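What follows is a single structure, written as structure tokens, with notes after it.
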Amino acid sequence: MINMRTISKRFTFLIKRFSRKINREKTIISLKKRVHLLELAQSRSENYLNSIIKVIPVDLYWKEEQEKILEEKMQATKAAAQASHAKAVAEEEMRKTIMLLVGSIVHDLRTPITAIQTTVHLLEKMLPTLMQNVDAAKSQEATKENVLSAEAWNYLLNNTPITDIQNAIQMMNDFINTTLTELACAHQAASSELSKEQLTKISSLRIIDNTLRAYPFSPGERNKVKQRIHYDFHFMGNSILLMKTLFSLIKNALEQINLKGYGEIIFTTYPDGQYNVISIKDTAGGAAPEVVSHFFDAYFTTKKNGTGIGLAFCKKTMESFGGDIICHSVYGESMEFILKFPILGGNCL
Amino acid sequence: MKILIIDDCLPVLNSLRMLLGMYHYEVEVAQNGMALLEHNQRPDILLADYNMPGVDTFNMLTELKSTPHFKNTPIILMSGDTNIEKISTHSLINDFITKPIIIDVLLDKLRIISQSN
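Those protein sequence lines, which keep their order, are chains A and B. Everything in the first sequence is counted per our numbering, starting at 1 for the first residue and increasing by one. Everything in the second sequence is counted per our numbering, starting at 1001 for the first residue and increasing by one.
Rendered as structure tokens:
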């Protein structure tokens, strides 16, 4: 039989046990909570860390991208600045060239205008005396004081003033025509390659003859040019452009001859491998090798009022014919410009 | 008063020679200044063109001035160049005149130089 005491003990035991269990449960729950919280915190931390870790590469990538974009922008800006600078330099060179050309035009026109102006002034001064002479002759009252000098009479009777004015006008016309042709040819040669339709069959002998007939030689200059031509050939080219090229080479050679006070120009033609050649050689001392190497560079010049266009134009012209131009200089002796034309076949004199 | 004119343009030489002759100047002309080095020209005034093909004018004038004949010869430079004012500051030059030449201006310059001499 279970007495109360036993029941009480039993009950107390159960309560204690239950209580311990509860406490243990609580503890467990508490521990679990803590673990959960820790896990939660850990999870959050991991998430946070992950988020940071994820962000960092994004940040780095973004930074790299930005740097790349910035670099590209800088390079683009630099390229634009370089292009702008190159354009500015080209424009400045063009401006200088135009100014030189304008200066050259002004100078070359003012000289013949001076001749015309002075001759007209001279005639103005002579005519009243001349009329007095006519009147005096009519009335036979001519005296030594009111008679034109013999030199003045010769000047008038030989038509010298008329010839001088005509020559001066011819000089201006030649200069204007040469300048316009030069500008047109330079523009044509610089702007595009010549099409096949623009090339015609030309005889080397004929183009040299035509050039020497058309060139505006000063007195005494023509006999300094010799033709030693035993070989004629035909080539595809543009006669205006080639005549301008030959004009330019003759002009340079004559300037060198006038500067040195000696020398002559010799034209020759000959076959040379896969090319036919027109050679223009002057014997006025040549030029130093360091100068010759820049002859065909645009805007390169050794002349006080040179533009540096002439030989660059010659090069472009010859290239537009499918040929070339080179320069051989023996310093102290001679300078030779060799114009090479592609062979067409069937060439003979 | 003897004037020596150097210019490569023959019509300019012809007309200036005749015109200045009518104003009682004795005039000699030359197309090539360097050739004068070998002559015994003794002008009172040298009237020289600045821009002659193939000629370095200042070099030519320096060489002429180094000879006894031209040592004390005043020089008037004539030119159609656009920058003649700059050219005219050269120490060799006594005066300058622009082309196209106004004859009265040239006569004034010749008179002033001849009086100062």
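Using N, Cα and C, we set each Cβ at its ideal position, and we do this for glycine too. Fair warning: this is a prediction, and the values are worked out from it, not measured in the lab.
Using DSSP's beta-bridge definition, name the partner residues of residue i.
i: D272 of chain A; result: A:Y275
i: D324 of chain A; result: A:K340
i: Q227 of chain A; result: A:F267
i: L960 of chain B; result: Residue numbering for chain B in the displayed model covers 1001 to 1117; residue 960 of chain B lies beyond these limits and cannot be assessed.
i: G237 of chain A; result: A:T200
i: S334 of chain A; result: A:V330
i: A357 of chain A; result: Residue 357 of chain A is absent from the structure shown; chain A starts at 1 and stops at 349.
When we look at the beta-carbon of residue i and count the other beta-carbons within 10 Å, is it buried (16 or more) or exposed?
i: L70 of chain A; result: exposed
i: I309 of chain A; result: buried
i: G286 of chain A; result: buried
i: N1014 of chain B; result: buried
i: D1008 of chain B; result: buried
i: I202 of chain A; result: buried
i: Q82 of chain A; result: exposed
i: G387 of chain A; result: Here chain A comprises residues numbered 1 to 349, so residue 387 of chain A is not present and cannot be evaluated.
i: L349 of chain A; result: For L349 of chain A, the pLDDT reaches just 44, beneath the cut-off of 50, and the residue's location in the model is therefore unreliable, although a value from the coordinates is still provided. Exposed: under 16 other Cβ atoms inside 10 Å.
i: T6 of chain A; result: exposed
i: H1024 of chain B; result: exposed
i: N159 of chain A; result: exposed
Within a Cβ cutoff of 7 Å, which residues of the same chain sit near residue i, ignoring the five residues on either side of it in sequence?
i: T268 of chain A; result: R228, I229, S279
i: K1099 of chain B; result: M1078, S1079, G1080
i: M172 of chain A; result: L109, P112
i: L1020 of chain B; result: I1003, V1027
i: I1075 of chain B; result: L1046, A1048, L1061, L1092, I1093, N1094
i: D353 of chain A; result: Outside the displayed range of chain A (1 to 349) lies residue 353 of chain A, so it cannot be described from this structure.
i: G332 of chain A; result: G285, G286
i: H234 of chain A; result: K201, I202, S203, L344, N347
i: E221 of chain A; result: L254
Give a yes or no on whether the minimum CB-CB distance between residue i and chain B is below 9 Å.
i: M171 of chain A; result: yes
i: H328 of chain A; result: no
i: T269 of chain A; result: no
i: Q198 of chain A; result: no
i: G261 of chain A; result: yes
i: I338 of chain A; result: no
i: M335 of chain A; result: no
i: Q132 of chain A; result: no
i: L122 of chain A; result: yes
i: P219 of chain A; result: yes
i: N167 of chain A; result: yes
i: P161 of chain A; result: yes
i: K224 of chain A; result: no
i: L109 of chain A; result: yes
Comparing the C-beta of residue i with each C-beta of chain A, is any distance below 9 Å?
i: G1080 of chain B; result: yes
i: D1108 of chain B; result: no
i: G1033 of chain B; result: no
i: V1055 of chain B; result: yes
i: E1085 of chain B; result: no
i: K1099 of chain B; result: yes
i: L1019 of chain B; result: yes
i: M1001 of chain B; result: no
i: L1010 of chain B; result: yes
i: D1044 of chain B; result: no
i: S1138 of chain B; result: Nothing can be reported for residue 1138 of chain B: it is not among the residues displayed for chain B, which extend from 1001 to 1117.
i: I1103 of chain B; result: yes
i: D1143 of chain B; result: With chain B covering 1001 to 1117 only, the question about residue 1143 of chain B has no answer from this structure.
One question on the structure: do residue i and residue j come within less than 9 Å of each other, judged by their Cβ atoms?
i: M236 of chain A; j: L212 of chain A; result: no
i: S248 of chain A; j: L311 of chain A; result: yes
i: I176 of chain A; j: L242 of chain A; result: no
i: Y1050 of chain B; j: I1103 of chain B; result: no
i: L1047 of chain B; j: I1006 of chain B; result: yes
i: Q256 of chain A; j: A288 of chain A; result: no
i: L122 of chain A; j: P161 of chain A; result: yes
i: M335 of chain A; j: K260 of chain A; result: no
i: F341 of chain A; j: Y270 of chain A; result: no
i: H328 of chain A; j: I338 of chain A; result: yes
i: L1016 of chain B; j: I1101 of chain B; result: yes
i: K125 of chain A; j: M1022 of chain B; result: yes
i: F321 of chain A; j: N238 of chain A; result: yes
i: K244 of chain A; j: T317 of chain A; result: yes
i: M1018 of chain B; j: A152 of chain A; result: yes
Spatial neighbours of residue i within its chain, please: CB distance less than 6 Å, with the 5 preceding and 5 following residues excluded, ordered by chain position.
i: L1036 of chain B; result: A1030
i: G1033 of chain B; result: I1006, M1060
i: T301 of chain A; result: G308
i: L1064 of chain B; result: F1070
i: D1119 of chain B; result: Any question about residue 1119 of chain B goes unanswered here, given that chain B covers just 1001 to 1117.
i: L364 of chain A; result: Since the first residue of chain A shown is 1 and the last is 349, residue 364 of chain A is not available in this structure.
i: T1057 of chain B; result: Y1050
Leaving aside the five residues before and after residue i along the sequence, list all residues of the same chain whose C-beta is less than 8 Å from its C-beta, in chain order.
i: K224 of chain A; result: L254, I257, G263, E264, I265
i: I169 of chain A; result: P112, I116
i: I326 of chain A; result: F337, I338, K340
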